[in-house]
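A.B. asks:
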Amino acid sequence: MAPPLVSSPIVRDSRLLVSKPFFSRPYTSFFFPLYATFAHIYYRQYDKYIKGPEWTFVYLGTIISLNIFVALLPEWNVGIEAGFKYNAAGDLHEATHILIKTTENNGSDGIVEIQKVEEDGVIQIYFQFQKKRFLWHSDEQVFSSPKFLIDEPPKLGYLQGWKGHSGDLLHLRRLYGDNSFDIPIPTFLELFKEHAVAPLFVFQVFCVALWLLDEFWYYALFNMFTIVSMEAASVFQRLVTLKEFRTMGVKPFPIYVFREGEWLCLETDKLLPMDIVSMTRTAEDSAVPCDMLLLDGSCIVNEAMLSGESTPLLKESIKLRPKDEPLQIDGLDKNSVLHGGTKILQVTSPEGKSTLPPTPDQGTPALVTKTGFETSQGSLVRVMIYSAERVGVDNREALFFILFLLIFAIAASWYVWVEGSRMGRVQSKLILDCILIITSVVPPELPIELTMAVNSSLAALSKFYVYCTEPFRIPFAGRIDVCCFDKTGTLTGEDLVFEGLAGLSKNPEDIRHMFSATEAPESTALAIGAAHALVKLHDGDVVGDPMEKATLKALGWTVEHKNVTTKEGLGKVSIQRRFQFSSALKRSSSIASHGGKLFAAVKGAPETIRHRLVSVPQNYDSIYKSFTRSGSRVLALASKSLPKLNQNQIDNLDREEVEQKLTFEGFLIFHCPLKIDAIETIKMLNESAHRSVMITGDNPLTAVHVAKEVGILDREALILDYAENTDSRKLVFRNVLETISIPFDPESENFDNEKILSQYDIAATGHALNALKGHEQLRTLIRHTWVYARVSPVQKEFILNTLKDMGYQTLMCGDGTNDVGALKQAHVGLALLNGSEEGMKKMAEQRKIESLKSVYEKQCDLLQRWGQPKPLVPEQIAYLYPPGPKNPHYLKSLEKTGTKITPEMRKAVVEANSKPELPVAATSGNQRPSGEDFAALFSGAGGGGDEDVPTLKLGDASCAAPFTSKLANVSAVTNIIRQGRCALINTIQMYKILALNCLISAYSLSVMYLAGVKFGDGQATTCGILLSVCFLSISRGKPLHKLAKERPQAGIFNIYIMGSILTQFAVHILVLVYITGEIYKLEPREPQVDLEKEFTPSLLNTGIFIIQLVQQVSTFAVNYQGEPFRENIRNNKGMYYGLVGVSLLALCGATEFIPELNEAMKFVPMEDDFKFKLTLSLALDYAGSWAGEHFFKYFFMNDKAADITQRPN
């Protein structure tokens, strides 16, 4: 197999191309001779071959239509574009373009131009695709993204000694480009042109042209107006979205950069990788301009705009890390990374020696690692931009569906051609009729309707503050099998409650005794005062881990500036150096001084700290396990004295040396309260046949307890782990109380052991997963495990991948920090943030006020330009402007903000309002307002409707997961599943309804049309209103709160869907044939039907119209997908009353119950016997359709949950 031409995870395949000359492309080379041939025949042999004006039109119209169709094919398919416009290139030097085929769900395929730039006699070859640059590496013979130094982690010593760029940087600028988000905004006409060549739009315009030829002038022009209006609205929405994306980039601002051995002031868009910059607190409207690595000093960062995590984080430099270690960007050095788009709240300038001169602005030096779209923020914006292309349906399934309908359309056209020819109809008219049948049977609204199914789910989720960057994943949520949850911050709250200290009792028997915070020994209190990463901002706020805040508050410690904590009676503790927490090491530590003495304080997982103690207390394991069994979070605390050292010696201490030979200082015990909706959510998932699984890095005993509390486990649990306190790597099943111990050898025993699985629920640790990695029994373990504990982020990702490989639909719910890999691998990844509903409402209100203020100021500016007085200030924002004649609502608005209104204020406002308004001079001469002025004047004034698809903003979405809940509620999982099911059932019902409508149209336009059936204007209007109301209402059914065990049907090509469609169609046709036969008994068929005559009421028209009216009703009513997934049709008021009304209309028409109504509808009088047969036919048509649907649904619908969801009895 040949090596790939382009190396990238988003590129599946690629091919070098060279552009063809215009006249050698198929839509020119083939059709120019065709036009010449037609012209020759038209002028020289007209009477022999063409013989009439109608055939001139048919032949020329066909050639022009085919020419346009062939010319548009490259616009619709990249493969066709490559074949039509390009030839395969022999080598790279000949190539002018490259065809890129993307991997699944990574945007659309495309053809892009290859750029060749000569530099110092060397030709640099590159292309840009989806905002990523791909450079040609001649040594590897491959295109790939520019290599950054951190991609192949360098030694930390190299980065610590780096002195910035010097010399000519032109080659670097060409290599990496500017540090900016270059998102060009096309004009309205440019975007509309793109929409106008889309297959659906072209098809609809073609249909309109045919209707015009058939003299349907009003109908055709109205449809044309509707089509253009819808496309224009879509283009406006895209322009708004593109403008929003453009605002996501950080606007360039001046920054100090260390180049050529000195600090220079440059704009941020000129930054290059490996530049050294001075970072200060970011301005209110700005952010970190690109990804960076902190070289010295420290800073507090808010990453809410990127990860959604609103808790500010302490970032420390790599200055003190060992020089010979490699950079661990996702490990130990994670806390030294500044991500582009985040905000710096505070910086601490470097102290002591530095390899660089002091920064001019007292900032802290940072190394630029990635720029532009290669940064974390750039990647998120790229996902958001190209996810817009992903909303839609399975294109292959839609294509096969249309081909299926075309079979019936072609059969109907053949019937019209044969019968019409026999009746002696004009052949040009027959050709037009045949084309109209085909275009009517292919539903042009299919893509719109199916896209609306996804968009309505997006809009519904946004009301719960759930946002989605990858809408194509919403239907996946409809058939989820396994729901995986992190524990801390997901099922339990982040605000842990400090309960006390354990392990300090002198009585070894008293393992449950807890000391209160006030009883803590001095050494323990000092260790707590030092072992934290809290920082006090300049404004007085303390930021950091909520658990550490709770601990220090309980013991009476106060965090001061410059890494100092104070406690009454103990004085102050000054932290000299921190070793940040690492999920790999499961511990953190600090070196601090107190009273002139230096000591180290270490905090971490009890089993980790145990091996680092000089002396392990006798009851160490019993104590911490006792508390973890009851669901508490337990951290071990230890310390040791250090000799007197200067700051340089402290900075050179090795972490491993500091964190060994420790003295035990007790256990910190925290209570992990469950989130208020956790139990209800898990219960709902269990009852709806979803498998709920916990995946956590916490202690297995704590994990099992919480899993039982929340309802994931309902039997006694066995934990698969290494045997404790031995050097052996043998696996053992143990229960929580350790009264059961069953050795397990994967080489000689099968995990699928009925003795274990029939009695116990299974939990497994990360050690057990490692022991079974690559073993055939690993999948069996994952199939039966309910709780995973002490697993690393990499193992979380592995578990999700394995479940996917086993064929299960997966959902992962986490907090968006340690769970990023798993969140991205799951079919549905949901990051929970820590917002509150009240906070979200305040933010929404603030956004509304800002939008209203922006609109008002645009209005003022434009009216001033036209010499017109300012409008009145809207009441909602009146308090933002001074009182005056144009601000009559000032006091009322101010009162609503909670401001107390004094008599003096009232007097001042009255005086301001009484002052005469100054005349306004025009600032733009007599210039007439343009269309853009009017757009600016009214933009945003109306606000979005309930069904609007939300426009994503940074801070709404998270780079961690496709779905982001701004609220901390676990119930977001059930909301997503509900909307996923809605999207699926909307899709299925839309396919069925459109298919039946199209099949009935095929019969009506062929058999019924040739029989002379025509409908009057009033009748056609009634049908049109019915269809419109039903299509508008059918997707508005609200999901039921309770999740059903059944799953929606996936896909349409199965016995249930196809059997139901064909059965209902057969019932409708049989009824039409029967009624037509009965009508011909009373009104014999005319031997020669005049198809061109005006509409006149007849028994044939009356009977067929009433039958087709009921068939339209049954199509919607029978195929409406209601319970058990969403409310039944009676609760969908608009659709229910619409269908009832039309059913009564048909019934009254068939029974002549209201003669005046029949007369108004142009129905003819009917005999009693025929009325009885017609009414019976209506009932049988509805009953037959209902019976066919429910027969196939009962016997063939695939609504069963997967085997993994079944709980043992």
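Going by UniProt numbering, the residue at position 216 of the sequence shown is 216; the numbering climbs one at a time, nothing skipped.
All residues carry an ideal CB built from backbone N, CA and C; glycine is no exception.
Here's a check: name, in chain order, each residue in its chain whose Cβ is nearer than 6 Å to the Cβ of residue 436, leaving out the five neighbours to either side.
C.D. replies: For this step, residue 436 is matched to residue 436 along the sequence shown. Contacts found: 210.
A.B. asks: Run through DSSP, which three-state label would residue 265 get?
C.D. replies: Reading the sequence shown from its first residue, position 265 is the one you call residue 265. In the structure shown, residue 265 sits in a strand (DSSP, three-state: E or B).
A.B. asks: Can you round the beta-carbon distance between residue 771 and residue 785 to whole angstroms, since I take them to be within the 8 Å contact cut?
C.D. replies: Counted from its first residue, the sequence shown places residue 771 at position 771. Counted from its first residue, the sequence shown places residue 785 at position 785. 14 Å between Cβ atoms; not a contact.
A.B. asks: Can you give me the start and stop residues for the beta strand (DSSP E) that residue 761 sits inside?
C.D. replies: Here residue 761 is taken as the residue at index 761 of the sequence shown, counted from 1. Segment 761–765, the beta strand (DSSP E) holding residue 761.
A.B. asks: I need the straight-line Cα distance from residue 11 to residue 372, nearest angstrom please.
C.D. replies: On the sequence shown, position 11 is the one that residue 11 refers to. On the sequence shown, position 372 is the one that residue 372 refers to. Roughly 20 Å between the two C-alpha positions.
A.B. asks: Have a look at residue 913 and residue 1138 and give me their C-alpha separation to the nearest angstrom.
C.D. replies: Working through the sequence shown from its first residue, we reach residue 913 at position 913. Working through the sequence shown from its first residue, we reach residue 1138 at position 1138. The straight-line gap from Cα to Cα measures roughly 53 Å.
A.B. asks: Less than 9 Å separating the beta-carbons of residue 570 and residue 529?
C.D. replies: Looking up residue 570 in the sequence shown gives position 570. Looking up residue 529 in the sequence shown gives position 529. Yes, these two residues count as a Cβ contact at 9 Å.
A.B. asks: Rounding to the nearest angstrom, what Cα-Cα distance links residue 1067 and residue 243 in this structure?
C.D. replies: By 1-based counting over the sequence shown, the position of residue 1067 is 1067. By 1-based counting over the sequence shown, the position of residue 243 is 243. In a straight line, the C-alpha of residue 1067 is about 52 Å away from that of residue 243.
A.B. asks: Residue 520: buried (16+ other C-beta within 10 angstroms of its C-beta) or exposed?
C.D. replies: Numbered from 1 along the sequence shown, position 520 holds the residue referred to as residue 520. It counts as buried.
A.B. asks: Can you pull the DSSP bridge partners for residue 574?
C.D. replies: Counted from its first residue, the sequence shown places residue 574 at position 574. Per DSSP, 564 and 593.
A.B. asks: Measure the alpha-carbon distance for residue 390 versus residue 458 and round it to whole angstroms.
C.D. replies: For the purposes of this step, residue 390 is identified with residue 390 of the sequence shown, where counting begins at 1. For the purposes of this step, residue 458 is identified with residue 458 of the sequence shown, where counting begins at 1. Reliability fails at residue 390, whose pLDDT of 42 lies under 50, so the model's placement of it is uncertain and no value is given.
A.B. asks: Output the boundary residues of the alpha helix (DSSP H) element that contains residue 1148.
C.D. replies: One-based indexing of the sequence shown puts residue 1148 at position 1148. Element bounds for residue 1148: 1133–1151.
A.B. asks: Taking buried to mean at least 16 other C-beta atoms within 10 Å of its own C-beta, is residue 466 buried or exposed?
C.D. replies: For the purposes of this step, residue 466 is taken as the residue at position 466 of the sequence shown. Buried, by the Cβ-count rule.
A.B. asks: What residues match up with residue 735 in a beta bridge as DSSP calls it?
C.D. replies: Translated into the one-based positions of the sequence shown, residue 735 becomes position 735. According to DSSP, which records beta bridges pairwise, residue 735 is partnered with 718.
A.B. asks: If I'm right that residue 171 touches residue 274 with Cβ under 8 Å, what's the distance once you round it to whole angstroms?
C.D. replies: Against the sequence shown, residue 171 aligns to sequence position 171. Against the sequence shown, residue 274 aligns to sequence position 274. The Cβ separation is near 13 Å, so there is no contact.
A.B. asks: Identify the residues that DSSP records as bridge partners of residue 279: which are they?
C.D. replies: Locating residue 279 in the sequence shown gives position 279, counting from the first residue. Note: residue 279 sits in a beta bridge opposite 364.
A.B. asks: Skipping 5 residues on each side, what residues in its chain have a beta carbon closer than 6 Å to that of residue 946?
C.D. replies: Position 946 of the sequence shown, counted from the first residue, corresponds to residue 946. With a pLDDT of 44 at residue 946, under the threshold of 50, the modelled position of that residue is not reliable, and no figure is offered here.
A.B. asks: Sorted by chain position, which residues of the same chain lie with C-beta nearer than 6 Å to residue 282's C-beta, five sequence neighbours on each side aside?
C.D. replies: In the sequence shown, counting from the first residue as 1, residue 282 sits at position 282. For residue 282, where only same-chain residues beyond five positions count, the Cβ hits under 6 Å are 343 and 344.
A.B. asks: Note the first and the last residue of the continuous alpha helix (DSSP H) segment covering residue 909.
C.D. replies: Mapped onto the sequence shown, residue 909 falls at position 909. Start and end: 903–914.
A.B. asks: Report yes if the CB atom of residue 874 is closer than 9 Å to the CB atom of residue 856, and no otherwise.
C.D. replies: Position 874 of the sequence shown, counting from 1, holds the residue named residue 874. Position 856 of the sequence shown, counting from 1, holds the residue named residue 856. Cβ atoms of residue 874 and residue 856: closer than 9 Å.
A.B. asks: Residue ranges of each alpha helix (DSSP H) run of no fewer than 4 residues wholly in the stretch 815–856, ordered along the chain?
C.D. replies: The qualifying runs are 820–825.
A.B. asks: Could you compute how far the alpha carbon of residue 63 sits from the alpha carbon of residue 434?
C.D. replies: What you label residue 63 is simply residue 63 of the sequence shown in a count that begins at 1. What you label residue 434 is simply residue 434 of the sequence shown in a count that begins at 1. The straight-line gap from Cα to Cα measures roughly 17 Å.
A.B. asks: From what residue to what residue does the beta strand (DSSP E) around residue 663 run?
C.D. replies: Position 663 of the sequence shown, counting from 1, holds the residue named residue 663. Start and end: 663–671.
A.B. asks: Give the range of the beta strand (DSSP E) segment to which residue 87 is assigned.
C.D. replies: By one-based count along the sequence shown, residue 87 stands at place 87. That run of the beta strand (DSSP E) goes 86–88.
A.B. asks: Using C-beta distances below 6 Å, list every residue in its chain close to residue 991, excluding the 5 sequence neighbours before and after it, in chain order.
C.D. replies: Along the sequence shown, read from residue 1 onward, the residue named residue 991 stands at position 991. Closer than 6 Å at the Cβ level, and outside the excluded window around residue 991, lie 1052.
A.B. asks: Have a look at residue 352 and residue 321 and give me their C-alpha separation to the nearest angstrom.
C.D. replies: Mapped onto the sequence shown, residue 352 falls at position 352. Mapped onto the sequence shown, residue 321 falls at position 321. Each residue's Cα considered, the two are about 16 Å apart.
A.B. asks: Helix, strand or coil: which one does DSSP assign to residue 788?
C.D. replies: As a first step, residue 788 must be located in the sequence shown, where it is residue number 788. Residue 788: strand per DSSP, three-state reduction.
A.B. asks: With a 10 Å radius around its C-beta and 16 neighbouring C-beta atoms as the bar for buried, classify residue 676 as buried or exposed.
C.D. replies: By one-based count along the sequence shown, residue 676 stands at place 676. With fewer than 16 Cβ atoms within 10 Å of its Cβ, residue 676 is classed as exposed.
A.B. asks: I'd like to know whether the C-beta atoms of residue 1122 and residue 1012 end up nearer to each other than 9 Å.
C.D. replies: Walking along the sequence shown from the start, residue 1122 turns up at place 1122. Walking along the sequence shown from the start, residue 1012 turns up at place 1012. No, these two residues do not count as a Cβ contact at 9 Å.
A.B. asks: Does DSSP put residue 136 in a helix, a strand or coil?
C.D. replies: In the sequence shown, residue 136 corresponds to position 136, counting from 1. Here residue 136 sits in strand by DSSP.
A.B. asks: Which two residues bound the contiguous alpha helix (DSSP H) that contains residue 1155?
C.D. replies: Indexing the sequence shown from 1 puts residue 1155 at position 1155. First-last of the alpha helix (DSSP H) with residue 1155: 1155–1160.
A.B. asks: Apart from the five residues on each side of it in sequence, which residues of its chain come closer than 6 Å, Cβ to Cβ, to residue 565?
C.D. replies: By one-based count along the sequence shown, residue 565 stands at place 565. Excluding sequence neighbours, residue 565 sits near 529, 557, 559 and 573.
A.B. asks: When burial is assigned at 16 or more other CB atoms within 10 Å of the CB, is residue 14 buried or exposed?
C.D. replies: Residue mapping note: residue 14 aligns to position 14 of the sequence shown, counting from 1. Buried, by the Cβ-count rule.
A.B. asks: Going by C-alpha distance, which of 625, 589 and 455 is nearest residue 662?
C.D. replies: Residue mapping note: residue 662 aligns to position 662 of the sequence shown, counting from 1. Comparing Cα positions, the closest option is 589.
A.B. asks: Taking residue 474 as the reference, which of 233, 962 and 1200 has the closest Cα?
C.D. replies: Locating residue 474 in the sequence shown gives position 474, counting from the first residue. Nearest of 233, 962 and 1200 to residue 474, Cα basis: 962.
A.B. asks: Round the Cβ separation of residue 532 and residue 548 to the nearest angstrom and send it over; I've been treating them as touching at under 8 Å.
C.D. replies: Here residue 532 refers to the residue found at position 532 when the sequence shown is read from its first residue. Here residue 548 refers to the residue found at position 548 when the sequence shown is read from its first residue. Correct: roughly 4 Å between the Cβ atoms.
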